[in-house]
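Its first residue numbered 12, the sequence shown is counted upward by one per residue in this note's numbering. The beta-carbon is built from N, C-alpha and C at its ideal position, and this holds for glycine as well. On a predicted model such as this, the values are computed, not experimentally measured, just so you know. Take a look at the structure set out below.
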Amino acid sequence: MAQHPAFFSPWQEAPMIGQTMRVLRLFGPQRRELGVTEAAALLDRPKSSVSRLLRTMEAEGFLARDPDTGRFRLSLGLAALGEVARASTSMQRLARPVLEELVESTGETSNLVVLDGTEAVNVEVVRSSRAVHHVGVLGRRLPLHATAAGKVLLAWASTPGVLDRVLCGPLPRLASRTLTSRGALEAELARVREQGHALAWAELEEELAAASAPVRDHRGAVVAAITTSAPISRLNETTRPALARKVMAAAGRLSDALGHRPG
12 MAQHPAFFSP WQEAPMIGQT MRVLRLFGPQ RRELGVTEAA ALLDRPKSSV SRLLRTMEAE
72 GFLARDPDTG RFRLSLGLAA LGEVARASTS MQRLARPVLE ELVESTGETS NLVVLDGTEA
132 VNVEVVRSSR AVHHVGVLGR RLPLHATAAG KVLLAWASTP GVLDRVLCGP LPRLASRTLT
192 SRGALEAELA RVREQGHALA WAELEEELAA ASAPVRDHRG AVVAAITTSA PISRLNETTR
252 PALARKVMAA AGRLSDALGH RPG
């Protein structure tokens, strides 16, 4: 098959997997997103060729593209390739027993959630054994403004520009109590920081309630959130404080396992 003339040695001779791996290795903790121009400069290749490769990787599920900025990021579809990949990720592996203990204590579904671009993503789930329960879906992408975990991740977001991009964009109403104004969301995030946890009642789905708390790594940075979700009928005003304490304690145990030392 003829190759585009812009690709030449060693790029031209590298198999597609090699080209793909070179792109994937551009991403890291200090470079979570890439534009076409930046990627082309880092690879020292023509923009047109790199643009085609990035779009191919997006189509194949390796990358996700922000619809507003056009910048690419690693897709969590990579983590969904199999249980081996998921289990080999240290945070998920450490989180599993913490979530299992939380589910046993609360009787409700619990998730580990991380920030991916301007969305929250479930990366580990332990489901309730109750007949009626919230079904947490591994890999599900969630809006930041309408979920307890999303509010936690926004409140302590370390990725530059994430909060501004969410606040400046539309905040669609998904249920009767969804926060749809910038002022209301900013006030809620201030409360989350003060209280150390977030609550969501009828914000994502009408009958869904949740509590979430931040997970910190050895640097003190918030890298994830632990969330417990249930039907509103079981998580009412009376049970909220106890649930929040249990979720915060679970998040604290996982933070300890990741090397976080308060103070």
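Residues that residue i bridges to, as DSSP identifies them
i: ILE237; result: LEU123 and ALA224
i: ALA209; result: SER223
i: PRO171; result: Paired residues: none, contrary to the question.
i: GLY39; result: ARG42
i: GLU135; result: LEU123
i: ARG84; result: GLU44 and ALA75
Buried versus exposed call for residue i [16 or more other C-beta atoms within 10 Å across all chains shown]
i: ASN247; result: exposed
i: HIS229; result: exposed
i: THR249; result: exposed
i: PRO225; result: buried
i: GLU111; result: exposed
i: THR48; result: exposed
i: GLY128; result: buried
i: GLU205; result: exposed
i: ALA195; result: exposed
i: GLY238; result: Going by the sequence as given, residue 238 is Thr instead of Gly. With 16 or more Cβ atoms within 10 Å of its Cβ, THR238 is classed as buried.
i: SER169; result: exposed
i: GLU130; result: buried
CA-to-CA distance, residue j to residue i, given in whole angstroms
i: VAL173; j: SER86; result: 17 Å
i: ARG272; j: VAL61; result: 43 Å
i: ILE28; j: LEU105; result: 31 Å
i: THR31; j: PHE38; result: 12 Å
i: ALA70; j: VAL34; result: 15 Å
i: GLU214; j: ARG264; result: 28 Å
i: SER140; j: THR117; result: 11 Å
i: HIS156; j: GLY88; result: 22 Å
i: PRO78; j: GLY180; result: 12 Å
i: VAL233; j: PRO40; result: 13 Å
i: PRO183; j: ALA198; result: 17 Å
i: LEU254; j: GLU216; result: 19 Å
i: TRP167; j: ARG176; result: 15 Å
i: ARG256; j: ARG36; result: 40 Å
i: PRO57; j: THR67; result: 16 Å
i: THR80; j: VAL258; result: 35 Å
i: ALA75; j: SER59; result: 18 Å
Short Cβ contact (8 Å threshold) for residue i with residue j
i: THR158; j: ALA241; result: no
i: ARG43; j: ARG84; result: yes
i: ARG193; j: LEU178; result: yes
i: LYS162; j: ALA201; result: no
i: LEU123; j: VAL134; result: yes
i: ALA236; j: LEU164; result: yes
i: ARG82; j: LEU54; result: no
i: ALA50; j: LEU65; result: yes
i: SER223; j: ALA160; result: yes
Anticipated Cβ contact below 8 Å, residue i with residue j, distance rounded
i: VAL136; j: LEU149; result: 5 Å
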